[in-house]
Structure formats: structure tokens, C-alpha cells
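K.L.:
Below is a structure I'd like to ask you about.
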Amino acid sequence: MRLKIHCQNRIGILRDIVAHFADYGVNVARGEVGGDHGNTIYLFLPRLLNAQLATLRPTLETIPGVFSVKRVNLMPSERRHLELDALLSSLSDPVMSIDMEGRIVAANRAAGQMLGVRVDEVPGLSLDRYLPDFDLPELIRRNNARVNGLRLKLKEATYLADIAPLHSENDDDVASLAGAVVTLHRADRIGERIYQVQRQELRGFEAIFQASPRLAELIREARRMAPLDAPLLIEGETGTGKELLARACHLASPRGQAPFMALNCAGLPESMAETELFGYAPGAFEGARPEGKLGLLELTAGGTIFLDEVGEMSPRLQVKLLRFLQDGGFRRVGSDEETYLDVRVICATQQDLPELCAAGLFRHDLYHRLNVLSLQVPPLRDCLDGIDELAGHFLDRAARQIGCPLPQLSPAALARLSSYHWPGNVRQLENVLFQAVSLCEQATIEPQHLRLPDVGQAPGLAGIDLDGGLSEILGEVEKRVLAALYPQYPSSRQLGKRLGVSHTTIANKLKRHAIGDASP
């Protein structure tokens, strides 16, 4: 049990407090002093029972200078250690602390993976074992200042190293070198990171392209729901931008300046998903970190947690999530202490949750808790009326990223995009156009630059506007047929032969629908 004692800062007060625990035969394993003026004492008493505390509390509060005695979940040093560990673990780059003997003192999980050992096996390893030709202590002594972008080769991979020296003070208050913190960046991923930064320049709803009326209506609904402090369920196919929409809703809410954390529930084992979301107590299970772990919920306090593919969540996790939605409370794995947080939950799924409920794979009560507010993201095939503007947007982004002149889409290429069924939706369109810009050596992108795999079958009437009369609907079908076949038969004569009609008829139809150049 951990206690927080608010008291005066006077000589002997700690002795007076500890004496009462000694009278009960309770050992004080650890103590800390906090507060701006040393007026808070934290004590860790592993064997103190609730009944003993109930008896002792009134006695402790009669000690001169003691104002209150409360239970706490963590000692200040434990919380700092957990938060630092969570921060280091969240970094994708290897980070290591090296002493002046060239030994690794501490490292994060990414560093352990890079070195091929468990993170708890890293301390004590010699850097010479991995970089025999690199004398880090000598480099630190020689520079005695931060070094950025030093190129190193480790395990056949090239890294750029940022080296920050560590200083300590001796008894004479003279600073001396104690080692360095080394952060490694994969050289072949620097460009990828710059691109990710560029993609995040547009924030909130402005980052979502709204050329199609369907998408514009979705954003109008999302703007109305974003400020409401209630669970939100976002449904849509893969690649439609559900997480982008969730981030926009978070940024437009009163929680917009607080953390936004995301967890993909698909593909994670139940135990891993549970510890990632809820964390675990010190020594919760074999192999657990002795200091425990903060879960994403605690790291998101006051902000928004985004649970992607919530339909993949295990029954056990569904129960814990339902409990959290009901009263804001949960228990870490291996702990009997309740933690209460204020966090908004936004979920996303590409599955039919009511169908999963009917099959007994998803809880009805959880579904109704999550479905307080809901948004349906339409697939790209239902928004093809805005694909020309959307394609132009992605072409411009790709050209800026690659550093080449902005190419244009030929009518035949645009017709090919308009006739495709897009199983990967907007994400697939962006990737296809990025590849097309990289392949195109001219100023115009042609159909042969568009690598579109025939994955799945396009739904029969998907994307076809059924408003209007039969002639208008048939005209749209005719346009799609011609657009789909024209890249393979790029003349009215070839296409007429393929469809069994005269080339004059085909030429007129191609001209009417603005497909190709209608050449014979």
C-alpha cells in the first residue's frame, strides 16, 4: 500500500510517523519527500492492510503537523519512471544511454529489437560488440557537445546518430562527463518521415477532401457531432479515412488540445490488447516489467482514445470497455485498485456490428453504448462524381513529394479511374497515383501508368447515379463500358469491332462522353 501524508516540514516529523507503523510491526519499504516545501511524505508499506490503515489513520492525524493521510496508486518516482518508460517505448527510434566505459546503461524497446536482445538484457552490453570501429567515449571527450547526424553502420543497416553528452557534478560542483544518450534514425526512412510530416500539414476537417456531395454531407454531419462529448462510432470500408475523420472530430472538440491515442484491435492477441489499453500493475505476470506499465487510456486522460476495428475486440475486452463506458473506471491487469478517467471513446469498424451481435460475436449492450453517435463513410465507388478533383489533389501532392513537374491526367486515364471499383478506396487511389507520377516520364499520365489490380468484383450498379429516366441511366452505363474498354482498344475502329457496332457509332459516342480523341 502507498500513502500520501500532507504535513508540516519540521524536524522529527518523519520519525514520529514511522514510529506508529513500527508499533504495528509494519515495515516501511520506501519513502519519498515531495511538495514545493517538503511538506508531503510518501510511504510504501507492502504489508499494510486496509483494516490496519483504518485504525492507524486517526492516530496519525493526531500527530502535530500532520494534516491528512490518503492512499495513492503510485509513488512520485514510480509515476515518473512509468511515464518516462511509456515515452521511450512509444518512440520508434532506438535510444540508448552509454557510460564513459562504452557500456549500455539503459535502452528502449526499439534499441533491444535492433540489437537482437530483450530490452532487459541490454544494460551492461558493450557498444564495441556492435560497433568495433567506433570509440564513442573518445568522441564525447573530444567534442563535449551535441553531435547530430553522425552516420553509423550497425547490423548491415545505416543510421544517423544524434549524440547528447551527459554531465554530472562532483563534490566540488565541477561538471564532468558521465556518458551520452544516443538516438539512432534509419537513414533510408528519413524521406518517409518528411513525407509523413507533409501529409499532416493539413489538420482537422480541412485535411479531408470534399469534392463529392456525399463527402461534403459527411463532413457537415461530423462537424455537428465533433463537439458532443459522447461515444462516436465510425463505419466504413478499409481505406476510406476513418482514422482521419476521428482525428478531425477530436481536433474540433473541446478536447482538441488533449492527447489523441489510437489502438488497432485487429490482429492483436487478447493479452497484448488488454495491457496496451489498460496497462498492468507491477509484477502482474511472469515477464512483466517490475515497475508495471501505463496503458493508452491513462496516457489519454482528458483526451480521445480511438479504437480501430473494434469489431475484432475479444469478449473479455468488450466487458472491460463496457464497464469503462458506463462509469469511467477500470483496473489495470493484475491490480485490484480502481482507476477513473475522463476519456472520450471514438471507435471505427468495417464490419457489420449488428450482424456480429446477432451471431453472438459482439455484445449488444456494448454496441448500443458505442453507437450513441454514428457516421457512415461512403466508399470511393459511391463518390466518383468528385474523382477528377480528388485525383488532381493527389497528383499535386505526389509531384511535390517526388520533386517533379505536375503531370496531367489524360481523358482515357481519367475514364479508367472512373470505371474502376476501388476495393482499397481513397488510400488505394492515392497510392496508385503516387506510383503513376513516379512511372510517368512525360507530362501526361496515360492508362498504362495506372496499375490497378483486378481484386474482387465491382458491385453491379455501384457508383451509378440512378436518378433520372432510363435513357439517362443507360447513358451512364454506356459511358462506363466505353471508358473501361477504351484503354485496351484506343480507336473507334478497334472499339467498334470489339463491341460489334460501326466505328462511326462508336466515334459519336466517344465524342459525346468526352472519352479519348475519337480517332478512327
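If you count the sequence shown from 1, you need to add 20 to reach the numbering used here.
Built from N, CA and C at the ideal position, the CB exists for glycine as well.
These figures come from a predicted structure and were not determined experimentally.
#1: Could you spell out where the beta strand (DSSP E) holding F154 opens and where it closes?
#2: Taking just the CA atoms, how far does M333 sit from S110?
#3: Could you compute how far the alpha carbon of I31 sits from the alpha carbon of R243?
#4: If C403 and R234 are in contact, beta carbons under 8 Å, what's the gap, nearest whole angstrom?
#5: Candidates N445, A231, I183: which alpha carbon is nearest L400's?
#6: Decide yes or no for the touch test of the stretch 254-261 against the stretch 299-307: beta carbon pairs closer than 8 Å, at least 3 of them.
#7: Roughly how many whole angstroms lie between the Cα atoms of F229 and L410?
#8: What number of angstroms, rounded off, separates the C-alpha of R77 from the C-alpha of N93?
#9: Closest to Y509 by CA distance: which of E496, I535, F382, L494 is it?
#10: Is there contact here, the stretch 415-430 with the stretch 451-463, by at least three beta-carbon pairs under 8 Å?
#11: Do I366 and L266 come within 7 Å of each other at the CB atom, strictly closer than that value?
#12: Within the chosen definition, does the stretch 29-49 reach the stretch 79-90 through at least 3 CB pairs nearer than 8 Å?
#13: Where are the alpha helix (DSSP H) runs, 4 residues long or more, that stay fully inside the stretch 71-156, in chain order?
#14: For G349, which residues in the same chain have their Cβ closer than 6 Å to its Cβ, ignoring the five residues on either side in sequence?
#15: Provide the residue span of the alpha helix (DSSP H) that contains L519, from first to last.
#16: Which class does D182 belong to by DSSP, given the choice of helix, strand or coil?
#17: Tell whether a beta-carbon distance below 7 Å holds between L186 and A200.
#18: On a CA-only basis, which of V137, R123, G122 is nearest R129? Give me that one, please.
#19: Taking N168 as the reference, which of E176, I183, L174, D155 has the closest Cα?
#20: Report buried or exposed for F298, applying the criterion of at least 16 other Cβ atoms within 10 angstroms of its Cβ.
#21: Suppose contacts are defined by Cβ-Cβ distances below 7 Å. Is I325 in contact with M281 by that definition?
#22: Using the rule of at least 16 other Cβ atoms within 10 Å of the residue's Cβ for burial, across every protein chain shown, is H388 buried or exposed?
#23: L317 to V363, Cα distance in whole Å?
#24: Could you tell me the distance, in whole angstroms, from the CA atom of S196 to the CA atom of G144?
#25: Of all the options Q133, D119, H101, which has the alpha carbon lying nearest to the alpha carbon of S112?
#26: If you drop the 5 nearest sequence neighbours on each side, which residues of the same chain put their C-beta closer than 7 Å to that of R518?
#27: Where does the unbroken alpha helix (DSSP H) through S439 begin, and where does it stop?
#28: Return the CA-CA distance between L376 and L341, expressed in angstroms with no decimal places.
#29: Per DSSP, what kind of secondary structure is K175 in: helix, strand or coil?
#30: Just to confirm the assignment: which complete alpha helix (DSSP H) runs, minimum length 4, are found wholly within the stretch 307-342?
#31: Taking Cβ positions, are G122 and L104 nearer each other than 7 Å?
#32: Which residues in the same chain have their Cβ closer than 8 Å to the Cβ of L426, if we skip the five residues on either side of it in sequence?
#33: So, is A368 buried or exposed, given that buried needs 16 or more other C-beta atoms within 10 angstroms?
#34: Pull up the DSSP beta-bridge partners for E52, would you.
#35: Taking only the alpha-carbon atoms, compute the straight-line gap between A165 and L159 and give it to the nearest angstrom.
#36: Take P251 and list the residues in its own chain whose beta-carbon comes closer than 8 Å to its own, dropping the five residues that flank it on each side.
P.N.:
Reading off the structure:
#1: Here F154 belongs to no beta strand (DSSP E), and DSSP marks it neither H nor E.
#2: Going from the Cα of S110 to the Cα of M333 covers about 22 Å.
#3: 59 Å
#4: 5 Å
#5: N445
#6: no
#7: 7 Å
#8: Looking at the two C-alpha atoms, the distance is approximately 17 Å.
#9: I535
#10: Taking a contact to require three or more Cβ pairs closer than 8 Å, the stretch 415-430 and the stretch 451-463 qualify as touching.
#11: In the sequence under discussion, the amino acid at residue 266 is Ala, which differs from the Leu named in the question. Contact: yes.
#12: Judged by Cβ distances under 8 Å, the stretch 29-49 makes contact with the stretch 79-90, as three or more pairs qualify.
#13: Listed in chain order, they are 96-110, 129-135.
#14: E358, Y360
#15: Taken as a continuous stretch (DSSP letters only), the alpha helix (DSSP H) holding L519 covers 512-519.
#16: strand
#17: yes
#18: Taking only the C-alpha atoms, the option nearest R129 is V137.
#19: I183
#20: buried
#21: Yes, Cβ-Cβ distance for I325 and M281 is below 7 Å.
#22: exposed
#23: Rounded to whole angstroms, L317 to V363 spans 7 Å at the Cα level.
#24: 21 Å
#25: Nearest option by C-alpha distance: Q133.
#26: Excluding sequence neighbours, R518 sits near L505, Y509.
#27: 431-439
#28: 17 Å
#29: coil
#30: 316-319
#31: Taking 7 Å as the Cβ cut-off, G122 and L104 do not qualify as a contacting pair.
#32: L415, D416, A419
#33: buried
#34: Note: E52 sits in a beta bridge opposite Y62.
#35: So the alpha carbons of these two residues sit roughly 10 Å apart.
#36: L345, R364, V365, I366, C367, R389, L390, N391, V392, L393
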